[in-house]
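Residue numbers (our numbering): 606 to 831. Cβ coordinates follow ideal geometry from the N, Cα and C atoms, glycine included.
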Ligand SMILES: [Fe+2]
Ligand SMILES: [Fe+2]
């Protein structure tokens, strides 16, 4: 039998949190070293790419969003994500990086952000993956990274975080209203679990990239920054 909307949402959040706790057991003993300038540029570049892609794929969903409430909320989100991209690019500008043209994403990031997020067949699947799972992970990463970055980038994150909390709330609202049957709730669960796996692979890829660039030692436990 399908769960009540609030029980269902709480069970999904519980599922995400238990997965994250298990995954983070591996990185609990990290040391909080400040980010080097080059690592910061790498992280901002990743974040700018993620924000830009979010604005683009959510924008494409608007052509195919029959729910009137979801249409308005997602349209607002497109503007937010575009602004987040702009804020990250301004932080990069200050560090002499004016475009992402020469920056190439890792294959795991493309599978996760360019392939998986846009692939949901309806509003429910899309929001389950991106708003409910992805944005919770992104916000957690923002809180984790804050002690390691300079003040101007902390300010950037402080402008972004309230919007991401709104996007999570929007996800909750949509899930509670539209994930009401067994089939819908099962589809949401599958999207959540797969998103989590791809996000974890994305983090491993970030650490691998940092090691390749000589910015981290792959043998050291590294805090999750994405
Ligand atoms: Fe964002
Ligand atoms: Fe967002």
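task: Taking all protein chains shown into account, decide if residue 746 is buried (16 or more other Cβ within 10 angstroms of its Cβ) or exposed.
output: Locating residue 746 in the chain shown gives position 141, where the first residue counts as 1. Classification for residue 746: buried.
field: residue 689 vs residue 652 beta-carbon contact at 9 Å
entry: The count along the chain shown starts at 1 and reaches residue 689 at position 84. The count along the chain shown starts at 1 and reaches residue 652 at position 47. Cβ distance < 9 Å, so residue 689 and residue 652 count as in contact.
Residue 631 classed as buried or exposed, judged by whether at least 16 other C-beta atoms fall within 10 angstroms: Numbered from its first residue, the chain shown carries residue 631 at position 26. Bear in mind that a pLDDT of 49 at residue 631, under 50, signals an unreliable position, so the model cannot answer this.
task: State yes or no: is the C-beta of residue 701 within less than 9 Å of the C-beta of residue 737?
output: Residue mapping note: residue 701 aligns to position 96 of the chain shown, counting from 1. Residue mapping note: residue 737 aligns to position 132 of the chain shown, counting from 1. The answer is no: Cβ separation not under 9 Å.
query: Which residues in the same chain have their Cβ closer than 6 Å to the Cβ of residue 636, if we skip the five residues on either side of it in sequence?
result: For the purposes of this step, residue 636 is taken as residue 31 along the chain shown, with counting starting at 1. In this prediction, residue 636 has a pLDDT of 48, which is less than 50 and means its spatial position is unreliable; what the coordinates show is noted afterwards. If we look at residue 636 and ignore the five residues flanking it on each side, it has no Cβ neighbours.
field: Chain-order list of residues whose beta-carbon lies under 6 Å from that of residue 744 (same chain, five-residue window excluded)
entry: Position 139 of the chain shown, counted from the start, is the residue given in the question as residue 744. Once the five neighbours on either side are set aside, the close Cβ partners of residue 744 are 769.
query: Does the count of Cβ pairs from the region 673 to 691 and the region 703 to 712 closer than 8 Å reach three?
result: no
Inter-residue Cα distance where the pair is residue 618 and residue 610: In the chain shown, the residue the question calls residue 618 occupies position 13. In the chain shown, the residue the question calls residue 610 occupies position 5. Rounded to whole angstroms, residue 618 to residue 610 spans 12 Å at the Cα level.
- request: Quick one: grab the DSSP three-state call for residue 712.
  value: As a position in the chain shown, residue 712 is number 107, starting the count at 1. Helix at residue 712.
query: Excluding sequence positions up to five away, which residues of its chain have a Cβ less than 6 Å from the Cβ of residue 803?
result: On the chain shown, position 198 is the one that residue 803 refers to. Same-chain partners within the cutoff: 717 and 721.
query: Closest to residue 683 by CA distance: which of 695, 807, 655 and 627 is it?
result: Residue numbering aside, residue 683 sits at position 78 when the chain shown is read from its first letter. Comparing Cα positions, the closest option is 655.
field: Expected contact under 8 Å - CB spacing of residue 793 and residue 729 to nearest Å
entry: Looking up residue 793 in the chain shown gives position 188. Looking up residue 729 in the chain shown gives position 124. Confirmed, about 6 Å.
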